[in-house]
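Residue numbers (the working numbering), protein chains in the order written: chain A, 1 to 300; chain B, 1 to 297. Yeah, the Cβ is synthetic: ideal placement off N, Cα and C, and Gly gets one too.
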């Protein structure tokens, strides 16, 4: 029997307001070591939640505990930050910096004061994200994916106990994403890794636990397997879109994949994915919202 | 808000052996020293000052007291631009930087310490001129005998202090004024301020007016004029006023992002420095030599 894992993140009734808007609304969560995926549509509150875990944002109400400390207290917040790695959703870089210099600068800010060990650590994390050969290049000359990996490298400095990543795989090609999964799953053995993503396949491949957030509330919290199980019997293939299906699209084989609350009796059921379960969970209203957003983008 | 009780079984890193502030300050100082604008303005200061200096001794045509302008103009204003750029250089990474143990006041303090780089250049220049003045006084120069040796030295020191004040102000602006061009506008305002306050005004109120400027040239007119006007006030006390201004700018910079007890301490320090600055300004304006029309020698 394995020992129960220590709770490293705890939120009790956490609310975050921006004016009259509640970005998070009474969220209760606890986390331990391992990789947790945050799923949710744009504006669901994922980034707000991650910014709180990264001590960048304070709750308007409720209690937040990180690594046994209270981030509301300046001294304890600094202590949390000593064990924290954070990759924001959008990250720029100081002008004129090479990848090495940028990560080295961040390492200094993370109190790596000994030059030799700091440089060793910078080389290690650049190696982890596959940027060692490009470390001397100026960041502005690197591709978007390479810059994203440089940003990720700074989050990995010092094997942080709490790793908060907002869309870490954005801009990465499939090989890079696969490599990154290896890094993050390894980190999850000893650390609490929380990542927000729109890539449901990353969640399926990487996360032990998935939390679905929408409208500032937690809509689902459980294992990936349990989430997928909620869609079993609700995904089917057909030659045409099935009326009443919540979502339907033509696949590469020419057949239509349908996701809905109830499959027709003669439907050819298929194994659901995390994405199917996620779509079912969010419901028709969210899908209509998404369609509206895509429609307006196309119109624009 | 109290912390949620959780198992504190997660090990935390041991505290660093060396001060993170010292390491960060060294990094920022290196960035300052290597900045092209700093290197360029320092080179220009050395070049132009040397020309003025050499001409002054060789031809006795250049006003020696104008040598006080070198560090203020080149290192002060140039350093302001560099310090602003360095302060703002990490703005694009603000979100990630917000989650590191070195909080904003610590990062600001490191930048303020880095301002010692331009100040060192200004000090070296000041010491060199100071020695020259005492070895071979520039007695031919405008207004030389109007002030005592100590007062002339104080004028020079105040000019040298601008080599610290400009960069410190640049850090302050970088923290509080985040719109593009603000540093450039600040340099224009400083120059305009110095020019406007250099206008002679024979009254104690006039003394206060021209003393407010971060840099003062103590006489009006040029060497070719038949007579010049010496501004009133004490160059000695003005050094204190300039130091108080620098302290105010430094505290204002540190206040950005400070919270809790640290903020309260800084606010009290700012108020104290502000009162001190006003007192020193008044003392500097109301003591020392009076306004006087000087015959040009």
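Sequence-ordered contacts of the stretch 98 to 131 of chain A with chain B read 102, 104, 105, 106, 108, 109, 110, 111, 112, 113, 114, 115, 118 [C-beta pairs closer than 9 Å]. When C-alpha distances from residue 74 of chain B are compared across B/208, B/197, B/46, the shortest belongs to B/46. With respect to the 7 Å criterion, residue 82 of chain B and residue 23 of chain B are not classified as neighbours on the basis of their beta carbons. In the three-state DSSP reduction, residue 86 of chain A falls in the strand class (E or B). When the five nearest sequence neighbours on each side are left out, the beta carbons in the same chain lying within less than 7 Å of the beta carbon of residue 78 of chain B are those of 37, 38, 41, in order along the chain. Per DSSP, residue 34 of chain A is one residue of the beta strand (DSSP E) stretching across 34 to 39. Apart from the 5 residues on each side of it in sequence, residue 187 of chain B sits with its Cβ closer than 7 Å to the Cβ of 77, 80, 81 in its chain, given in chain order.
For residue 208 of chain B, the secondary structure class from DSSP, reduced to helix, strand or coil, is helix. Less than 7 Å divides the Cβ of residue 144 of chain B from the Cβ of residue 138 of chain B.
For residue 17 of chain A, DSSP records a beta bridge to A/22. For residue 75 of chain B, there is no enclosing alpha helix (DSSP H), as DSSP marks it with neither H nor E. Boundaries for residue 199 of chain A: no beta strand (DSSP E) harbours it, and the DSSP string shows neither H nor E there. Close to residue 90 of chain B, with beta-carbon spacing below 7 Å, are these residues of chain A in chain order: 94. DSSP places residue 247 of chain A within a strand segment (E or B) once states are collapsed to three.
For residue 39 of chain B, there is no enclosing beta strand (DSSP E); the residue is found in the alpha helix (DSSP H) stretching over 36 to 59. Identification of residues in the stretch 99 to 116 of chain B having a C-beta nearer than 8 Å to some C-beta of chain A yields 99, 100, 101, 102, 103, 107, given in sequence order. In the displayed model, residue 230 of chain B falls within a strand according to three-state DSSP. A check of alpha carbon separations from residue 10 of chain A across A/214, A/192, A/112 identifies A/192 as the nearest.
Rounded to the nearest whole angstrom, the C-alpha separation of residue 66 of chain A and residue 231 of chain A is 33 Å.
Under the three-state reduction of DSSP output, residue 51 of chain A falls in the helix class. Residue pairing by DSSP places residue 256 of chain A opposite A/238, A/250 in a beta bridge. The shortest C-alpha to C-alpha distance from residue 137 of chain A to any of A/128, A/165, A/102 is the one to A/102. Listed along chain B, the residues sitting closer than 7 Å to residue 84 of chain A by beta-carbon distance are 99. In this structure, residue 208 of chain A lies away from residue 26 of chain A, with their beta-carbon atoms at least 7 Å apart. For residue 254 of chain B, none of the residues of chain A pass the 8 Å Cβ criterion, the least Cβ distance being about 14 Å. By a beta-carbon distance limit of 8 Å, residue 234 of chain B contacts residue 284 of chain B. Their separation comes to about 5 Å. Within chain A, the C-beta atoms nearer than 8 Å to that of residue 18 of chain B come from 113, 114, in chain order.
Taking residue 14 of chain A as reference, the option from A/36, A/21, A/49, A/6 with the minimal CA-CA separation is A/49. Straight-line measurement puts the Cα of residue 98 of chain A at about 13 Å from the Cα of residue 90 of chain B. For residue 91 of chain A, a Cβ of chain B is located within less than 7 Å of the residue's own Cβ. Residue A/43 holds the alpha-carbon nearest to the alpha-carbon of residue 21 of chain A among A/200, A/43, A/236, A/38.
Comparing alpha-carbon positions, the option among A/248, A/263, A/280 lying closest to residue 214 of chain A turns out to be A/280.
DSSP places residue 134 of chain A in no beta strand (DSSP E); its state is neither H nor E. Flagged as an interface residue toward chain B: residue 54 of chain A, by a C-beta distance shorter than 7 Å.
According to DSSP, residue 212 of chain A shares a beta bridge with A/39, A/220.
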